[in-house]
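In the UniProt record's numbering, the protein residues as written are 1 to 73.
Ideal Cβ placement from N, Cα and C applies to all residues, glycine included.
Please read all numbers here as calculations on a predicted model, not as lab measurements.
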């Protein structure tokens with residue numbers, strides 16, 4: 001399964017921003033994996049104070065342009 005399949009099947013969160021925990025739950029993967037992708041720079045992130053969020057709009061845009069390399073199988 002690749003990231004495009006997850007979008008088509010509606011598994012990615014529909015929110016504009018998403019916590020790492022919610023992102024992991026929506027993909028049925030561990031939060032540890034999501035945080036690893038964050039450290040590798042595979043997910044578009046931003047901070048509000050000390051909290052880190054995934055920018056879902058930018059992630060969808062990257063996927064649509066084929067610019068994201070999240071290693072899903």
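Tell me, which residues are paired with residue i by DSSP?
i          : result
residue 17 : 55
Short of 7 Å in beta carbon distance, which residues of its chain neighbour residue i, apart from the five on each side in sequence? Order them along the chain.
i          : result
residue 16 : 56 and 57
residue 19 : 53
residue 21 : 31
Going by beta carbon distance, what residues of the same chain come within less than 6 Å of residue i, once the five residues before and after it are set aside?
i         : result
residue 8 : At residue 8 the pLDDT is 48, less than 50, meaning the model places this residue with poor confidence and gives no usable figure here.
Quick one: what's got a C-beta closer than 8 Å to residue i's C-beta in the same chain, skipping five residues either side?
i          : result
residue 68 : 3, 42, 59 and 62
residue 33 : 24
Whole-angstrom Cβ separation of residue i and residue j, contact assumed at under 8 Å?
i          : j          : result
residue 45 : residue 38 : 6 Å
Discussion item. Just to confirm the assignment: which complete beta strand (DSSP E) runs, minimum length 3, are found wholly within the stretch 37-71?
Written reply: The stretch 37-71 contains these whole beta strand (DSSP E) runs: 45-48 and 51-55.
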